[in-house]
Ligand code: SF4
Ligand code: SF4
Ligand code: SF4
Ligand code: SF4
Ligand code: SF4
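Residue numbers (our numbering), protein chains in the order written: chain A, 1 to 435; chain B, 1 to 216.
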């Protein structure tokens, strides 16, 4: 046996009556997990859609929200989640050597399909990140529209960045900057905890800051939700334009009825629309150029690029101390030239990718400008197709809904003192008084 | 009049978009599912030949107690009396078992006397996996000698994060993706020995080999 043993500083001894043992290592944990996860996700999505659209029960929505938070958040520790799954899917599409688990694909696709039919019911009461913010949105202040719209763009840029970083195996930044995973796991690195706490603190005053301004998956859902077949509607019958729902929505997702436009305003609107249309290509081009100049900082997100940088600094004698990484590299069989070459190739790739990210940013801004300059007519209070997360708060407050549920017999009972409905349709409501 | 027309047009557009959406979701899902035929699902693992024992494994895992633990490859171990993976350099001389003289912060290495032979005493070093925190102190120590101690991601604990937090922090790029049905690695040196043992109908070695990913 001794002859067959490899080169070791000290040979493995041979004992008279003690065979050399072999270490045992644990098996991979059961395969039931993913199937169960997908089944539960599906059931939760069905329930969420039923509660928001059919039974219209804010209480049940809330209970489901808490259940999801406990299951997907604290029990399953926030993994697997559709938000992060976006990256696996991106990587799997661009790199065929990477195989994405079927459960992850299901997690990515199921909420999208549900949103196409029922609106963002996933956000309402299935997503554990949404649930966390939903439960702490207690003192919501209105975010000025312009700020709301501008911040909303960040999510799309984040989505673009996450996709290119995932596709190039630079990193899964959505997972790295997950706001609440550190809470779900009752421990995490300091950055995560600080970031999560900030989101939580802001979330008390600004409803769902992560969902509205950062969530890359929410960005996709927003768009899909605009095409949903059914979606949450606030009054079950005729809106009495009491404005209670607008005050109730912590997410600024309710649009008041529009007023008739003066010819001057109409002209101005047309001019704005034209301007936005012309500006868009310039925005795309401008941001594309800006993006290409960001190749170096973008490529630095890849650990290998940082290592190459460090090696270079050490070789030039600028860096005084070596790092663990550079020490480890010197101990490895790879050559420095190979490392530099790989880093340079990556930098070139990121010129293209940065350009794409820039163009995408320009496109999103352009689209927003066009979207904002198009006027839509609304006769009553309506939930915004994109922004509404189907939380059900608004109809909880809606007097017409209360009449439907038989909680009150007349809408006026639900109106706060001093507020009279201003709607032109007030006389049509069940039991409504003429103004 | 134009109102109704507009609503119709919107409805039509939304219907179209929805069909496109559902179909593309289906195509994407089908494509990704189809890919699985060609490759295996992945798990995170440490390539023990690359690991430099920096200690990040103990501190960077998302789990409270790291999913990474130490493994003893007995077929590479010298069963040394003066074990640099067990004792600190001071402890090496005194061979005292006071905690200060031991490398392992959690006393997870169990030293048992095996045999005295030719005036030499031999000891076996076993890892108490429950106590091990994956700090790699012993790995670094043992690297001075035979390097039989090495770290592995334990798949009864690891939740297989999308992006392994330790992989991000690992300075030696030691984290690799291995297929889920062979989710462990061995030191290259040990691979041959283990195969020989398995060839001699050693079931334990065969079991270990079945769990180990070897890229050749
Ligand atoms: S359901 Fe109502 S309250 Fe909730 S986000 Fe939508 S519009 Fe706002
Ligand atoms: S609360 Fe109901 S009735 Fe009042 S404005 Fe909102 S939708 Fe209309
Ligand atoms: S982080 Fe890497 S080098 Fe450090 S102990 Fe873990 S595997 Fe080894
Ligand atoms: S020194 Fe660290 S890695 Fe080695 S057995 Fe102890 S806890 Fe585990
Ligand atoms: S994948 Fe996650 S759980 Fe597993 S070792 Fe890495 S950080 Fe720990």
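Backbone N, C-alpha and C fix where the C-beta goes; we use that ideal spot for every residue, glycine too.
ask   = If you measure from the CB of residue 232(A), is any heavy atom of ligand 1 nearer than 7 Å?
value = yes
query = Taking the alpha carbon of residue 200(A) as the point to measure from, which residue in 158(A), 138(A), 315(A), 35(A) has its own alpha carbon closest?
reply = 138(A)
key: Assigned secondary structure, residue 261(A) (DSSP; H/G/I helix, E/B strand, else coil)   = Here residue 261(A) sits in coil by DSSP.
request  = Mind listing the chain A neighbours of residue 172(B)? Cutoff is C-beta to C-beta under 9 Å, in chain order.
outcome  = 324, 325, 327, 328, 329, 331, 332
query = Whose C-alpha, out of 179(B), 171(B), 151(B), 70(B), is nearest the C-alpha of residue 108(B)?
reply = Comparing alpha-carbon positions, the option among 179(B), 171(B), 151(B), 70(B) lying closest to residue 108(B) turns out to be 70(B).
query = Roughly how many angstroms lie between the CA atoms of residue 109(A) and residue 221(A), to the nearest whole one?
reply = 11 Å
query = Quick one: what's got a C-beta closer than 7 Å to residue 227(A)'s C-beta in the same chain, skipping five residues either side?
reply = 116
query = Are the CB atoms of residue 107(A) and residue 115(B) nearer to each other than 8 Å?
reply = no
query = Are the CB atoms of residue 291(A) and residue 357(A) nearer to each other than 8 Å?
reply = yes
ask   = Do residue 103(B) and residue 88(B) have their C-beta atoms within less than 8 Å of each other?
value = yes
message = Counting only C-beta atoms, is residue 208(B) closer than 8 Å to chain A at any point?
response = yes
query = If you draw a straight line from the alpha carbon of residue 67(B) to that of residue 145(B), how long is it in whole angstroms?
reply = 26 Å
query = So does residue 400(A) have its beta carbon nearer than 7 Å to some heavy atom of ligand 1?
reply = Because no heavy atom of ligand 1 lies under 7 Å away, the Cβ of residue 400(A) does not count as near it: no.
task = Just the C-alpha distance for residue 10(A) and residue 178(A), rounded to the nearest angstrom, thanks.
result = 48 Å
query = What's the gap between the Cα of residue 156(B) and the Cα of residue 130(B)?
reply = 12 Å
task = Count the C-beta pairs between the region 134–148 of chain A and the region 204–219 of chain A that are closer than 8 Å, then say yes if the count reaches three, no if not.
result = yes
ask   = What residues does ligand 5 have around it, judged by CB closer than 6 Å to any heavy atom, in chain order?
value = Counting only residues whose CB is nearer than 6 Å to a non-hydrogen atom of ligand 5, the list in chain order is 44(B), 61(B), 62(B), 63(B), 67(B), 68(B), 153(B), 158(B), 159(B), 160(B), 161(B), 164(B), 165(B), 166(B).
ask   = So, does the CB of residue 227(A) fall closer than 8 Å to a CB anywhere in chain B?
value = Chain B contact via Cβ: present.
ask   = Would you say residue 23(A) reaches chain B, if we count a Cβ-Cβ gap shorter than 8 Å as a contact?
value = Cβ-Cβ to chain B under 8 Å: yes for residue 23(A).
query = Is it right to say residue 198(A) is buried, meaning 16 or more other beta carbons lie within 10 angstroms of its own, or is it exposed?
reply = Around the Cβ of residue 198(A), a 10 Å sphere holds fewer than 16 other Cβ atoms; the residue is exposed.
inquiry  = Would residue 172(A) and residue 264(A) be called neighbours here (beta carbons separated by less than 8 Å)?
reply    = no
ask   = In three-state terms, what does DSSP make of residue 191(A)?
value = Of the three classes helix, strand and coil, the one that applies to residue 191(A) here is helix, per DSSP.
task = State yes or no: is the C-beta of residue 232(A) within less than 8 Å of the C-beta of residue 390(A)?
result = Yes. Within cutoff.
inquiry  = Please classify residue 39(A) as buried or exposed, where buried requires at least 16 neighbouring CB atoms within 10 angstroms.
reply    = exposed
message = Quick check: what's the CA-CA separation for residue 61(A) versus residue 213(A)?
response = 23 Å
Contact set for residue 84(B): own chain, Cβ-Cβ below 7 Å, skip 5 residues either direction = 92, 141, 142, 144, 145
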